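Visitor:
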Amino acid sequence: MPLTPAHRRVAVFALLIGASTPLAAQPVDPLVTTVRAYRVTHAREILERFAAFLALPNQANDSLNIRRNADFLVAELSRRGIAARRLETPGAPPAVYGELRVPGAKRTVLLYAHYDGQPVRAIEWKTNAWQPVLLDGRLEDGAREHPLAEGADPSHESWRLYARSASDDKAPIIAMLTAIDALRDAKVPLTTNLKFFFEGEEEAGSSHLRAVLSANRELLASDVLLFFDGPRHQSGAMQVVFGVRGSYGVSLTAYGPVRPLHSGHYGNWAPNPALRLARLLASMRDDDGTILIAGFYDDVRSLSAAERAALATVPDVDAALREELLLGGTEAKGAALVERITRPALNVRGFASGGVGNAATNAVPTVARASIDFRLVPNQTPARIKELVEAHARAQGWHVVGDTAEVTPALRRQHDKILVADFAEGGYPAQRTALDEPIAREVVRVVQRAVGDSVALLPTLGGSLPLAIFADVLKTPIITVPTVNYDNSQHAPNENVRLKEFWQSIEIVAVVMAGMGMTP
Numbered sequence: 005m006p007l008t009p010a011h012r013r014v015a016v017f018a019l020l021i022g023a024s025t026p027l028a029a030q031p032v033d034p035l036v037t038t039v040r041a042y043r044v045t046h047a048r049e050i051l052e053r054f055a056a057f058l059a060l061p062n063q064a065n066d067s068l069n070i071r072r073n074a075d076f077l078v079a080e081l082s083r084r085g086i087a088a089r090r091l092e093t094p095g096a097p098p099a100v101y102g103e104l105r106v107p108g109a110k111r112t113v114l115l116y117a118h119y120d121g122q123p124v125r126a127i128e129w130k131t132n133a134w135q136p137v138l139l140d141g142r143l144e145d146g147a148r149e150h151p152l153a154e155g156a157d158p159s160h161e162s163w164r165l166y167a168r169s170a171s172d173d174k175a176p177i178i179a180m181l182t183a184i185d186a187l188r189d190a191k192v193p194l195t196t197n198l199k200f201f202f203e204g205e206e207e208a209g210s211s212h213l214r215a216v217l218s219a220n221r222e223l224l225a226s227d228v229l230l231f232f233d234g235p236r237h238q239s240g241a242m243q244v245v246f247g248v249r250g251s252y253g254v255s256l257t258a259y260g261p262v263r264p265l266h267s268g269h270y271g272n273w274a275p276n277p278a279l280r281l282a283r284l285l286a287s288m289r290d291d292d293g294t295i296l297i298a299g300f301y302d303d304v305r306s307l308s309a310a311e312r313a314a315l316a317t318v319p320d321v322d323a324a325l326r327e328e329l330l331l332g333g334t335e336a337k338g339a340a341l342v343e344r345i346t347r348p349a350l351n352v353r354g355f356a357s358g359g360v361g362n363a364a365t366n367a368v369p370t371v372a373r374a375s376i377d378f379r380l381v382p383n384q385t386p387a388r389i390k391e392l393v394e395a396h397a398r399a400q401g402w403h404v405v406g407d408t409a410e411v412t413p414a415l416r417r418q419h420d421k422i423l424v425a426d427f428a429e430g431g432y433p434a435q436r437t438a439l440d441e442p443i444a445r446e447v448v449r450v451v452q453r454a455v456g457d458s459v460a461l462l463p464t465l466g467g468s469l470p471l472a473i474f475a476d477v478l479k480t481p482i483i484t485v486p487t488v489n490y491d492n493s494q495h496a497p498n499e500n501v502r503l504k505e506f507w508q509s510i511e512i513v514a515v516v517m518a519g520m521g522m523t524p
């Protein structure tokens with residue numbers, strides 16, 4: 005019987021799985037040994053340079069400091085002989101581009117990381133976010149601070165470096181730079197042309213990314229785009245990821261009386277905006293995570309046979325995570341986390357109205373606000389989600405407007421339930437590369453070679469990256485290679501990177517640089 009395309013995909017995936025079986029019985033790859041020797045010898049120097057980079061505040065809207073970060077990267081690339089420059093776009097933080105051409109190379113690999121970071125609320129940090137601190141373990145376990153130089157000791161791989169962007173996403177950038185140093189020191193030849201693209205606006209939504217890519221489409225052309233961002237699998241295993249969910253945010257505002265009203269005198273008469281908005285949110289999603297907005301799942305693309313096969317091979321960490329996170333139960337009747345992140349999601353990330361605790365008053369509040377983020381999967385678009393959310397609110401009796409400026413006194417008298425739905429945050433669709441593409445097999449092979457152990461293959465990362473914009477503009481396969489520890493507190497106070505994963509990331513990047521394009 006002839007093989008169907010689906011059969012061929014499963015057969016190719018079987019080869020991928022074969023490539024990712026454990027290599028514990030095999031000796032450490034000679035290239036890994038060479039790179040490891042370099043980073044052990046130069047560990048203090050690497051940590052000091054990493055700390056200098058982390059000491060630069062990097063919020064995208066801090067134009068002075070964001071340019072200091074960009075200049076740092078241009079200088080670091082240039083001193084390694086890599087042609088480097090800023091890619092400027094009006095009103096946007098600069099991207100940083102670097103190019104290293106290799107004589108005779110038949111392939112070009114574009115390496116991505118972002119150098120901007122999430123905002124910092126200093127009051128929530130136990131250390132100074134812009135003064136990197138080395139601890140001999142986890143902060144929450146009472147770890148002690150040590151001089152940075154002590155981190156160079158190879159026996160201290162469980163120690164952690166705390167600072168904003170330590171893991172998301174400055175660690176991969178330092179790994180790339182150090183990998184170049186290690187390969188050159190050992191006179192290991194590169195096999196591909198290398199291009200570097202360091203974004204400065206990823207954590208701010210990448211609103212100018214399409215313009216940057218479109219203006220530099222030929223410059224950024226490559227055979228594959230490798231994203232070095234995100235954490236390893238929760239099991240600690242290295243993973244290769246073939247897609248990400250899309251992201252879309254909306255802020256909702258509901259109105260009550262024009263001034264706070266005594267809840268005894270008016271509580272059974274004046275509408276309470278907090279209760280009304282809470283009911284609207286509850287109507288959008290059930291307790292098992294199913295989104296109840298009509299038509300929300302109409303465009304969802306089903307997983308392929310190869311992608312379903314990949315899910316079955318991913319280490320099961322659900323029980324351990326429930327224990328760690330003190331969760332008595334999970335949504336979707338106990339469905340596996342690795343399955344849930346391939347589905348769309350609706351998260352209420354914030355709700356505010358009135359006061360609680362010592363700030364509570366017996367009053368009907370004047371306004372209620374909620375903030376929602378959607379995670380999208382392939383074929384869903386932000387524009388369509390906006391239409392569906394607004395239609396759902398109208399079906400619940402709300403008069404929907406797009407800006408608070410539209411909420412005039414006359415409008416408030418005219419409509420009982422007014423909702424401001426502000427989608428100004430923007431967003432982007434999901435992206436997914438087929439697991440059975442030849443380049444996918446090659447990336448898995450070189451990562452497998454670098455770690456010498458099993459590699460988890462994930463069709464979709466739970467988090468979001470603007471990969472759909474890259475795919476649409478550059479028309480190249482995209483694969484994500486996350487390298488940092490999963491418990492790194494990214495986007496949160498006390499972000500950190502564990503030295504064990506940081507050191508190994510240098511080895512992984514070096515093997516990618518020297519191994520892509522070689523005959524297996």
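So for the sequence shown, our numbering puts the first residue at 5; every next one is plus one. All residues carry an ideal CB built from backbone N, CA and C; glycine is no exception. Predicted model, so just to flag it, every value in this text is computed and none were measured.
With a threshold of 8 Å, are at least 3 pairs of Cβ atoms found where one atom belongs to the segment 217-225 and the other to the segment 243-250?
Guide: The answer is no - the segment 243-250 does not touch the segment 217-225, with fewer than three Cβ pairs under 8 Å.
Visitor: Confirm, please, whether the CB-CB distance from Glu207 to Asp66 is below 8 Å.
Guide: No, the pair does not count as a contact, with Cβ atoms beyond the cut-off.
Visitor: In three-state terms, what does DSSP make of Gly519?
Guide: Reduced to three states, the DSSP call for Gly519 is helix.
Visitor: Under 8 Å, do Thr195 and Ala518 count as touching if we go by C-beta distance?
Guide: A contact, by the Cβ cut-off of 8 Å.
Visitor: DSSP beta-bridge partners for Ala346?
Guide: For the sequence presented, residue 346 should be read as Thr rather than Ala. Bridge partners of Thr346: none, in fact.
Visitor: So, under 8 Å CB-CB, Tyr101 and Phe200 are touching, yes? Tell me the CB distance rounded to an integer number of Å.
Guide: Indeed they touch by this definition, with Cβ atoms about 7 Å apart.
Visitor: Can you say whether Asp420 is buried or exposed, counting buried as having 16 or more other CB atoms within 10 angstroms of its CB?
Guide: Per the 10 Å Cβ criterion, exposed.
Visitor: So what does Tyr432 bridge to, in DSSP terms?
Guide: Looking at the DSSP assignment, Tyr432 forms a beta bridge with Ser251.
Visitor: Ordered along the chain, which non-local residues of its own chain (more than five positions away) have a Cβ less than 6 Å from that of Ser375?
Guide: Hits under 6 Å: Ser255, Arg353, Gly354.
Visitor: According to DSSP, is Lys174 helix, strand or coil?
Guide: Helix, per DSSP.
Visitor: Where does Ala316 fall in DSSP's three states?
Guide: Coil.
Visitor: Please list the terminal residues of the continuous alpha helix (DSSP H) segment that includes Glu327.
Guide: First-last of the alpha helix (DSSP H) with Glu327: 322-329.
Visitor: Expressed to the nearest angstrom, what Euclidean distance is found between the alpha-carbon atoms of Glu311 and Asp157?
Guide: Cα-Cα distance, rounded: 41 Å.
Visitor: Would you list, in sequence order, the uninterrupted alpha helix (DSSP H) runs of no fewer than 4 residues that lie entirely inside the segment 56-94?
Guide: Complete alpha helix (DSSP H) runs here, min 4: 67-82.
Visitor: Specify the secondary structure class of Pro467 as computed by DSSP and reduced to three states.
Guide: One point to set straight first is that residue 467 is Gly, not Pro, in the sequence displayed. Note: Gly467 maps to strand in three-state DSSP.
Visitor: Shortest alpha-carbon distance to Val405 belongs to which of Pro386, Ala397, Ala425?
Guide: If we check each option's Cα against that of Val405, Ala425 comes out closest.
Visitor: Tell me, please, whether the CB atom of Asn132 is closer than 8 Å to any CB atom in chain B?
Guide: The structure shown contains no chain B, having only a single protein chain.
Visitor: Assess, as a yes-or-no matter, whether the segment 174-187 is touched by the segment 504-514 under the definition of 3 or more beta carbon pairs within less than 8 Å.
Guide: In short, these stretches touch, since the Cβ pair count reaches three.
Visitor: Where does Phe474 sit, in a helix, a strand or coil, going by DSSP?
Guide: In this structure, Phe474 counts as helix in the three-state DSSP scheme.
Visitor: Out of curiosity, what's the CA-to-CA distance linking Ala475 and Val318?
Guide: Spanning the two alpha carbons is a distance of roughly 26 Å.
Visitor: Where DSSP assigns a beta bridge to Asp426, which residues make up the other side?
Guide: DSSP output for Asp426 lists Ser255 as bridge partner(s).
Visitor: Rounded to whole angstroms, what's the CA-CA distance from Ser287 to Ala79? Just pull it up for me.
Guide: Their Cα atoms are separated by approximately 53 Å.
Visitor: So the candidates are Thr487, Val228, Glu205; which of them puts its Cα closest to the Cα of Lys110?
Guide: Considering only alpha carbons, the answer is Val228.
Visitor: Can you look up Ala117 in the DSSP assignment and give me helix, strand or coil?
Guide: Ala117 falls in the strand class under three-state DSSP.
Visitor: Quick one, are the C-beta atoms of Asp233 and Ala96 less than 8 Å apart?
Guide: No.
Visitor: Please report the straight-line C-alpha distance between Ala133 and Ala170, rounded to a whole angstrom.
Guide: So the alpha carbons of these two residues sit roughly 10 Å apart.
Visitor: Does the beta-carbon of Ala126 have 16 or more other beta-carbons within 10 angstroms, so that it is buried, or is it exposed?
Guide: Exposed is the call here.
Visitor: Taking only three categories from DSSP, how would you classify Thr112?
Guide: It is a strand residue.
Visitor: Only counting the same chain, and skipping five residues up and downstream in sequence, which positions put a Cβ closer than 8 Å to that of Ser210?
Guide: Hits under 8 Å: Glu203, Tyr432, Pro470, Ile473.
Visitor: In angstroms, rounded to a whole number, what distance separates the CA positions of Arg188 and Thr38?
Guide: Taking the straight line from one Cα to the other gives about 11 Å.
Visitor: According to DSSP, is Ser375 part of a helix, a strand, or is it coil?
Guide: Here Ser375 sits in strand by DSSP.
Visitor: Can you give me the Cβ contacts of Val393 inside the same chain, cut-off strictly under 7 Å, excluding the 5 residues immediately before and after it?
Guide: Closer than 7 Å at Cβ, skipping near neighbours: Val254, Ile297, Ala425.
Visitor: Around the C-beta of Glu205, are 16 or more other C-beta atoms found within 10 angstroms, so that it is buried, or is it exposed?
Guide: So Glu205 ends up on the buried side.
Visitor: For Thr480, collect the residues of the same chain with a Cβ closer than 6 Å to its Cβ; drop the 5 residues on either side in sequence, then sort them by chain order.
Guide: Counting only Cβ-Cβ distances below 6 Å, and skipping sequence neighbours, we find Ser226, Leu229.
Visitor: Suppose the cutoff is 6 Å on Cβ atoms and the five residues either side in sequence are ignored; what does the same chain contact list for Arg214 look like?
Guide: Excluding sequence neighbours, Arg214 sits near Ile473.
Visitor: Give the list of continuous beta strand (DSSP E) stretches no shorter than 3 residues that lie fully inside the segment 203-251.
Guide: Within the segment 203-251, the complete beta strand (DSSP E) runs of at least 3 residues are 228-231, 242-245.
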